[in-house]
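Here the structure is laid out as structure tokens; the discussion comes afterwards.
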Amino acid sequence: MAKPRDWSKVIERLNMSKSGELKVKMGSPGSAQVTRCRLLEQWNNLEAETVGATLVLRVPR
Numbered sequence: 236m237a238k239p240r241d242w243s244k245v246i247e248r249l250n251m252s253k254s255g256e257l258k259v260k261m262g263s264p265g266s267a268q269v270t271r272c273r274l275l276e277q278w279n280n281l282e283a284e285t286v287g288a289t290l291v292l293r294v295p296r
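With my numbering as the guide, the letters of the sequence shown map in order to residues 236 to 296.
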């Protein structure tokens, strides 16, 4: 079974990225959508969208 992601570390990596964008491949489009909602609820100043099973995270400019 896959180890759960540490979303705090993912957000930290996003904040350090030069592009201000990070793409995270999820297991399915449904899990990407649910994760998007949870992340938006938990973190301020975050933009998130899903493209199929990929979760695209952005720091608003």
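Glycine is no exception: its CB is placed at the ideal position from the N, C-alpha and C atoms.
Measuring CA to CA, which of the options is closest to residue i?
i: Arg296; options: Trp242, Leu249, Val245 and Ser243; result: Leu249
i: Ala288; options: Ile246, Val269 and Pro239; result: Val269
i: Val286; options: Pro264, Arg273 and Asn280; result: Pro264
i: Asp241; options: Ala283, Asn280, Ser252 and Val259; result: Val259
Since residue i is in the alpha helix (DSSP H), which residue starts that stretch and which ends it?
i: Ala267; result: Pro264 to Gln277
i: Leu249; result: Trp242 to Met251
Count the other CB atoms within 10 Å of the CB of residue i; is the residue buried (16 or more) or exposed (fewer)?
i: Leu275; result: exposed
i: Met273; result: A small fix is needed here, since residue 273 is Arg in this sequence, not Met. Exposed is the call here.
i: Arg271; result: buried
Over what stretch of residues does the beta strand (DSSP E) that includes residue i continue unbroken?
i: Leu260; result: The sequence shown places Lys at residue 260, not Leu. Residues Glu256 to Lys260.
Who are residue i's beta bridge partners in DSSP?
i: Ala288; result: Ala288 pairs with nothing; no bridge assigned.
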